[in-house]
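Take a look at the structure set out below.
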Amino acid sequence: MLCDLEMTGLEEVVEGFTVAIFGSARIERGSKIYWEIYELARMIGEAGMNIVTGGGPGLMNAASEGHKAGRKSSEAKVIGLRIKLPFKEVESSHLDIKKEFDRFSHRLDEFMSIANVVVVAPGGIGTLLELAYTWQLLQVKHISNIPVILLGDMWLDFLEWVRRWPLKHNLLDPEDVALLHPARSIHEAFKIIMETARKYANMNTDENKV
4 MLCDLEMTGL EEVVEGFTVA IFGSARIERG SKIYWEIYEL ARMIGEAGMN IVTGGGPGLM
64 NAASEGHKAG RKSSEAKVIG LRIKLPFKEV ESSHLDIKKE FDRFSHRLDE FMSIANVVVV
124 APGGIGTLLE LAYTWQLLQV KHISNIPVIL LGDMWLDFLE WVRRWPLKHN LLDPEDVALL
184 HPARSIHEAF KIIMETARKY ANMNTDENKV
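Residue 4 is where the sequence shown starts when you use the numbering used here, and the numbers rise one by one after that.
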């Protein structure tokens, strides 16, 4: 059953390790990247982790669909953070928890409140906004140091531009670029996710001992 939240903060209802997946709403179901994101989310679901996406079509739906196919327990949730747009966007039918926002900034803050790792798949302006917002918050330490995984060749070209222009001209520091983790395949991305999940579990174990 879909849980539609209004005023409640997600951190009050979402428990456990959560992976945010950002990516294009325009990718068709028949494309290679659609099924790659489906498979990545399936592995995440099988590992018992939550995912959070924008709750829409394209790669967001691929992630939601894949997660539901892989998970073994209903405790692992698919969360959709919807944004009101001036046009109709199809909502994924695979969401467990949904929350709707009027403003992108409020929506992005909600992503950051529950994400333990971020995967950035191919996308357009919306995906670039999500990447830039997350990266900025990490740079100025407004959020804890979570990995930002750039999945696919599109982001390798982006990182090359970052090194060739902003970094070369001292508009960024090397430490800023090091916050981004390129992954050529979903298996590389999943390895980073699992390493982060283990650190998260160990940290929680240590806290419980105190």
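No residue lacks a Cβ here, since even glycine has one placed at the ideal position from N, Cα and C.
Computed from a predicted structure; not experimentally measured.
Limits of the alpha helix (DSSP H) - the one that R110 falls within: Residue numbering aside, residue 110 sits at position 107 when the sequence shown is read from its first letter. Element bounds for R110: 107-117.
Can you give me the Cβ contacts of A65 inside the same chain, cut-off strictly under 6 Å, excluding the 5 residues immediately before and after it? Reading the sequence shown from its first residue, position 62 is the one you call residue 65. Correct list, in chain order: Y37, I40, Y41.
Boundaries (first-last residue) of the alpha helix (DSSP H) holding I47: The residue given as residue 47 occupies position 44 in the sequence shown. It spans 35-49 - the alpha helix (DSSP H) in which I47 sits, taken as one unbroken run.
Measuring CB to CB, does L84 end up less than 9 Å from T56? For this step, residue 84 is matched to residue 81 along the sequence shown. For this step, residue 56 is matched to residue 53 along the sequence shown. Cβ distance < 9 Å, so L84 and T56 count as in contact.
Beta-carbon proximity of L182 to V151, cut-off 9 Å: Within the sequence shown, the letter at position 179 stands for residue 182. Within the sequence shown, the letter at position 148 stands for residue 151. Yes, Cβ-Cβ distance for L182 and V151 is below 9 Å.
Regarding S108 and the ligand MG, is the C-beta to nearest heavy atom distance less than 8 Å? As for the ligand MG, it is missing from this structure, which has no ligand bound.
Quick one, are the C-beta atoms of K80 and V17 less than 9 Å apart? Your numbering for residue 80 matches position 77 in the sequence shown. Your numbering for residue 17 matches position 14 in the sequence shown. A contact, by the Cβ cut-off of 9 Å.
Does the Cβ-Cβ distance between G58 and L98 come in under 9 Å? Position 55 of the sequence shown, counted from the start, is the residue given in the question as residue 58. Position 95 of the sequence shown, counted from the start, is the residue given in the question as residue 98. Against a cut-off of 9 Å, the Cβ pair of L98 and G58 comes out as a contact.
Whole angstroms is fine: what's the gap from I24's alpha carbon to N205's? Taking the sequence shown and counting its residues from 1, one reaches residue 24 at position 21. Taking the sequence shown and counting its residues from 1, one reaches residue 205 at position 202. Between I24 and N205, the C-alpha separation is close to 23 Å.
Environment of E133 [buried if 16+ CB atoms lie within 10 Å]: By one-based count along the sequence shown, residue 133 stands at place 130. Buried, because 16 or more other Cβ atoms sit within 10 Å of the Cβ of E133.
In this structure, does DSSP put A65 in helix, strand or coil? As a first step, residue 65 is located in the sequence shown; it is residue number 62 there, counting from the start. Helix at A65.
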